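Each remark here refers to the structure printed beneath this line.
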Amino acid sequence: MDFSANHIGFVIASYALSVVFLASLVITTLGRDRKLRAEAERLDTQRKKARA
Amino acid sequence: MQFLANPTRFLRIANAVLPYVWAITVALFAVGLYGALVTAPPDYQQGETVRIMYVHVPAAWMALFVYTVMALASAVAAIFRHPLADVAAKTAAPIGAVFCFLSLATGSLWGKPMWGAWWVWDARLTSMFVLMLLYIGYMAIWAAIEEPHRAAMVARVVALVGFINIPIVKFSVDWWNSLHQPASVFRMGGPTIAGPMLWPLLVMGLAYALLFLALHLTAMRAEIAARKIRQIQIAEIGDR
Amino acid sequence: MELNAQGLTCERGGRIVFRDLSLSLRPGRLMQLTGPNGSGKSSLLRLIAGLNESQTGSVTLAGGSEDLTLGQQAHYVAHQEPVKGALSVFENLAFWRDFFGGGDVDEALEAFDLSRLSAYPAGLLSAGQKRRLALARLVLVPRVLWLLDEPTVGLDTSSLARLVTVMAKQLDQGGMIIAATHVPLGREPDVRLDLGAAA
Amino acid sequence: MNLILALIKRDLTLTLRQGGGAGTALGFFLCVVVLLPIGIGPDQALLARIAPGALWISLLLSVLLSADRIYQQDYEDGSLDVMTMGPVPFEIVALAKSVAHWLSTSLPLAIAAPILGFLVNLEPAAILPLAIAMVVGSIALSLIASIGAAVTVGLRRGGLLVSILVLPLYVPVLIFGLSASQPNAAPGLTAASLLILVAIALAGLVVSPLASAAALRSYLK
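Protein chains in written order, with the numbering used here: chain U, 1328 to 1379; chain F, 8 to 247; chain Y, 3 to 201; chain X, 3 to 223.
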């Protein structure tokens, strides 16, 4: 890729934007998944212990 | 009533498949980006800016594909009353909305050097903009209705009605666009894409699709956990 | 300190609900309002609370604080529960604490056995539990006059017992209670007012 | 004082948790913005000329749309009854709720509108004056919307009535808002229009709580 071509900034900007949005989507999705599964696990064991 | 018929089967499959899906996604992105940024030749007309196509077109494909997945899931939920399908539709929406936004943003970034304006009401961009509004409407319905079961039923209708409207909007916007023939007729993807320019686009498209699969399975797993939490809370409250 | 009302008339939707009604209540006394539906029990309570105005007569709290209106020295608990589903049980009461400028949320929750639910979103509560959360406001902010409209609706026996103890405590501390209900309240009311007869 | 903060804090958390009020208003704003070029045609020069007016009208309609949310929920679940018996006059409650609506809906929109101006080809030079005028104008918009919301809170389908009642009151805000957002207008004109917008907002600060509280009390009877 020739970095001195005109309008190169737009190419870089669009790739940067895509990376930023897709990366944050991945991070938030994985984060929410881990947090909620841990919470569900905790409540489940707590409830099973209470019922035992 | 056990709200989710049998999430265990789905969870077992998801847990098994996810690591591989993530691995393939990363590999596809590596190959796709290499192709897009290195091997693909610059366009004789647009020069380097044509490379924006490799992030713009896959995002547009995915925006449409994910809405189709949502509509299909809603139809399955409506016909077979399978709550897991509602979860699939609900969790797909935010991912689809991000793809849609990215296609609009990269479209605008591509349009600026070509048309000199950040935003031109070109047929494709206008239809994509309306699709974005459909996504916002769908997510707003889920956020507005507290009780998940009623929200699911309403959301199915919104997804299906939205889906039927996509071709209608597409057709009318294209016709509207030809009516107001803009000064410069600009073909987004160029007349025909030759080999070395084409395969990176297909690889990037596949990479975006696999990324969606990985995100969707993870998001569904999280939503199932969230519903389980809500059920336990209700049960806990019920005991007092 | 005495609550007295003279010559009240209330008109609802063009219909005279009650006319020239008078009542008086002294500290530590419980008044029970009875009467068929539509005989104006709620209208009378809202009138005393200041939400409604009577065409004739007046309602005064002799001996109450001068710069506060009667409504600002009373609690009014109606059929609806001012509970926000999106907020947790604790947050709901904490809001009312900040709104009324003070009060102990934990004590109020404990009075109606809601402490264990304090972290849960109020939207998940049953009708009875929401009713207990509404009643908890009585304990949260001490006020001399309680106006209760069918307070026992939706309460199970243990919650009813808790309501009775809370009411007893209020009366012992020299508070006054007017309750529109047909359910016995654990003690004989000192004053009875049957709006059915007064119409 | 902390009563007002408590009310504002609670209203903001409610808007955030219950599916953003700002989100739906922004969605509505985008819908209006997309309909304009479809109706008028994608011609860039034409769009650039009408951009400030179009953005102002979109802002007005979006704020109006979210107006009935100010008192509706509290009226239905009886919170308003309890609030009239609070330690502070009911007018302060009405003011606090208008401020909460302004912070959660009108202000974010007033900031987002100029930024989204590029959709209707707003010249970059016009962005700043438009933003300033809109932020100042949004105060008046929320206060007037509060009156409309209070007057129709008990009616079954008050939504339509709100618009008929409130839009005429929005005319001065629109006129001076627009004259304050002209990018290359005479300097005196912009300053004068902004001052008038501030005056309308200040008048609203006094009139709106009084009118809203009075209207709400009539519905509590």
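Note that beta-carbon positions come from the ideal geometry of N, C-alpha and C, so glycine has one too.
Keep in mind that this is a model prediction, so the values were computed, not measured.
Short Cβ contact (7 Å threshold) for Met-69(F) with Phe-106(F): If you check the CB distance, Met-69(F) and Phe-106(F) come in under 7 Å.
Excluding the 5 residues flanking Arg-48(Y) on each side, which residues of the same chain have their C-beta closer than 6 Å to its C-beta? Counting only Cβ-Cβ distances below 6 Å, and skipping sequence neighbours, we find Asn-54.
Where does the unbroken beta strand (DSSP E) through Asn-4(X) begin, and where does it stop? Asn-4(X): not part of any beta strand (DSSP E); member of the alpha helix (DSSP H) spanning 4 to 19, first to last residue.
Have a look at Ala-182(Y), Leu-27(Y), Leu-127(Y) and Arg-164(Y) and flag the residue whose alpha-carbon is nearest the alpha-carbon of Val-141(Y). Of the residues Ala-182(Y), Leu-27(Y), Leu-127(Y) and Arg-164(Y), the one whose Cα lies closest to the Cα of Val-141(Y) is Arg-164(Y).
In chain order, what residues of the same chain lie with their CB nearer than 7 Å to the CB of Gly-65(Y), ignoring the 5 residues before and after it? A distance below 7 Å between beta-carbons, with the five flanking residues on each side excluded, links Gly-65(Y) to the following residues of its chain, in chain order: Met-3 and Glu-4.
Rounded C-beta distance between Val-161(F) and Ile-152(F)? I'm assuming under 8 Å. Going by Cβ atoms, the distance from Val-161(F) to Ile-152(F) rounds to 6 Å, so yes, they are a contact pair.
Coil, strand or helix - Asn-39(Y) by DSSP: Asn-39(Y) falls in the coil class under three-state DSSP.
Per DSSP, which one or two residues make a beta bridge with Trp-122(F)? Answer by DSSP bridge pairing: none, since Trp-122(F) is not bridged.
Do Ser-115(F) and Trp-126(F) come within 7 Å of each other at the CB atom, strictly closer than that value? Cβ atoms of Trp-126(F) and Ser-115(F): closer than 7 Å.
Take Arg-145(Y) as the anchor and find which of Ala-129(Y), Ser-60(Y) and Leu-173(Y) has the nearest alpha-carbon. Among Ala-129(Y), Ser-60(Y) and Leu-173(Y), the Cα nearest to that of Arg-145(Y) is on Leu-173(Y).
Whose Cβ in chain X lies nearer than 7 Å to the Cβ of Asn-54(Y)? Under a criterion of Cβ atoms nearer than 7 Å, the residues of chain X adjacent to Asn-54(Y) are, in order, Lys-223.
Does DSSP classify Tyr-142(F) as helix, strand or coil? The DSSP-derived three-state label of Tyr-142(F) is helix.
Given that a residue counts as buried once 16 or more other Cβ atoms are within 10 Å of its Cβ, and exposed if not, what is Gly-77(Y)? First, the residue type needs correcting, since residue 77(Y) is His and not Gly in the sequence shown. It is buried - the Cβ of His-77(Y) has at least 16 other Cβ atoms within 10 Å.
So, is the C-beta of Val-192(F) closer than 7 Å to a C-beta in chain U? Because the pLDDT of Val-192(F) is 43, which lies under 50, any placement of that residue in the model is unreliable, and the question is left without a value.
Need the endpoints of the beta strand (DSSP E) that Met-178(Y) sits in, please. Residues 178 to 182.
Kindly indicate if chain Y contains any beta-carbon less than 7 Å away from that of Glu-153(F). Chain Y contact via Cβ: present.
Between the beta-carbon of Val-107(Y) and the beta-carbon of Asn-94(Y), is there less than 7 Å? Between Val-107(Y) and Asn-94(Y), the gap from beta carbon to beta carbon reaches 7 Å or more.
The beta strand (DSSP E) enclosing Thr-107(X), as first and last residue numbers: Secondary structure note for Thr-107(X): it is in no beta strand (DSSP E), with a DSSP letter that is neither H nor E.
Segment limits, alpha helix (DSSP H) that includes Glu-1366(U): 1335 to 1378 is the span of the alpha helix (DSSP H), which, as asked, contains Glu-1366(U).
Between Ile-244(F) and chain Y, is any beta-carbon pair separated by less than 7 Å? Taking CB atoms only, Ile-244(F) has a neighbour in chain Y less than 7 Å away.
If I'm right that Pro-29(Y) touches Gly-177(Y) with Cβ under 8 Å, what's the distance once you round it to whole angstroms? Their Cβ separation, rounded to whole angstroms, is 7 Å, which keeps Pro-29(Y) and Gly-177(Y) in contact under 8 Å.
Assuming Met-211(F) contacts Tyr-61(F) (C-beta within less than 8 Å), just tell me the rounded distance between them. With a Cβ gap of about 5 Å, Met-211(F) and Tyr-61(F) count as contacting.
For chain Y, check one thing: does any of its Cβ atoms lie closer than 7 Å to the Cβ of Ile-241(F)? Output row for Ile-241(F): interface = yes.
So if DSSP puts Arg-194(Y) in a beta bridge, which residue, or which two residues, is it bridged to? BP columns for Arg-194(Y) point to Gln-34(Y).
Would you say Thr-26(X) lies against chain F (beta-carbon separation less than 7 Å)? Put simply, the CB of Thr-26(X) is near chain F, with a gap under 7 Å to one of its CB atoms.
My output table needs one value for Gln-131(Y): the three-state DSSP class, helix, strand or coil. Helix at Gln-131(Y).
Please report the residue range of the beta strand (DSSP E) in which Asp-151(Y) lies. Residues 147 to 151.
Mapping the DSSP letters down to three states, classify Ala-64(Y) as helix, strand or coil. Shown here, Ala-64(Y) sits in a strand according to DSSP, grouped into three states.
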